[in-house]
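Visitor: My questions will all concern the structure given below.
In full-length UniProt numbering, the protein residues as written are 1 to 257.
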């Protein structure tokens with residue numbers, strides 16, 4: 001989790017970079033709030049961003065916002081219908097109904113970020129306790145994909161869990177809303193994007209991330225973000241990643257900016 005707050009709401013216009021998680025942005029601003037633009041459609045206020053949003057921009061006058069990133073296996077339990085969240089932008093109202101407004105009211109009334117994080121943890125935990133989990137094999141394959149930074153083979157992963165490739169792809173997609181191969185590409189892209197943001201030359205990033213060449217990297221960056229590698233390297237979302245989210249394991253301490 002990460003919290004962002006400005007005493008006086010200020011205009012914002014930012015390109016958000018695809019990330020190997022489902023992202024929940026809870027808009028706690030008073031007034032106009034955040035406007036999202038993706039795939040030619042727009043949304044306003046709190047939003048759930050699927051795994052592969054492509055080119056996504058956020059703008060408007062922003063005061064206070066809580067961002068929560070969930071690995072896909074957890075997002076399936078928290079939001080349900082994970083396939084509908086892959087590659088999509090959904091209003092939190094559409095996903096949670098009236099509970100979304102009640103959650104926003106509680107978070108907005110909280111006296112500190114510490115209290116907001118505690119409330120968010122309670123709300124998510126309550127849904128996790130009541131929801132079915134993904135197959136342990138699917139969760140294992142997602143963790144292996146992350147650990148391998150996307151440089152994994154689907155056949156090898158299927159062998160690890162004793163499934164056929166067809167069964168693996170079907171179960172993975174039905175539960176996480178993405179194929180194993182596509183998930184690996186997204187994770188590999190995410191690793192490359194952070195290397196670009198750290199100032200590494202594109203050619204070096206391509207080699208370090210397992211791309212055939214620099215043009216291969218360029219195609220993936222363009223597909224996932226609609227941006228060039230140079231533009232991705234300047235993305236503010238990436239610049240603060242390691243500061244705002246230093247520990248994504250359960251129990252990790254959240255930070256605010």
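Backbone N, C-alpha and C define an ideal beta-carbon position, used for all residues, glycine too.
Predicted, not measured: the structure shown is a model, and the values here were computed from it.
If we define contact as Cβ-Cβ less than 7 Å, is residue 228 a contact residue for chain D?
Guide: This model lacks chain D altogether, as it is built from one protein chain only.
Visitor: Report the three-state DSSP secondary structure of residue 56 (helix, strand or coil).
Guide: Strand.
Visitor: Pairing CB atoms from the stretch 191 to 205 with CB atoms from the stretch 167 to 176, are three or more of them under 8 Å?
Guide: Contact between the stretch 191 to 205 and the stretch 167 to 176 is absent, because fewer than three Cβ pairs lie under 8 Å.
Visitor: Exposed or buried, which one is residue 137 when buried takes at least 16 other CB atoms within 10 Å?
Guide: Buried, since its Cβ has 16 or more Cβ neighbours within 10 Å.
Visitor: Buried or exposed: where does residue 46 fall if 16 or more other Cβ atoms within 10 Å of its Cβ makes it buried?
Guide: Buried, by the Cβ-count rule.
Visitor: Report the option in 183, 61, 122 and 16 whose CA atom is closest to the CA atom of residue 6.
Guide: Minimum Cα distance to residue 6 is reached at 61.
Visitor: Leaving aside the five residues before and after residue 152 along the sequence, list all residues of the same chain whose C-beta is less than 7 Å from its C-beta, in chain order.
Guide: Closer than 7 Å at the Cβ level, and outside the excluded window around residue 152, lie 144, 145 and 184.
Visitor: Contact between the stretch 73 to 81 and the stretch 111 to 118 is defined here as three or more beta-carbon pairs at a separation below 8 Å; is this criterion met?
Guide: Touching, no, given that fewer than three Cβ pairs across the two stretches are closer than 8 Å.
Visitor: Expressed to the nearest angstrom, what Euclidean distance is found between the alpha-carbon atoms of residue 2 and residue 154?
Guide: So the two alpha carbons sit approximately 33 Å from each other.
Visitor: Nearest-angstrom Cα distance between residue 124 and residue 94?
Guide: Cα to Cα, residue 124 sits roughly 17 Å from residue 94.
Visitor: Leaving out five residues on either side along the sequence, give the residues of the same chain with a beta carbon under 8 Å from the beta carbon of residue 220.
Guide: Excluding residues within five positions, the ones whose Cβ falls inside 8 Å are 185, 188, 189, 192 and 211.
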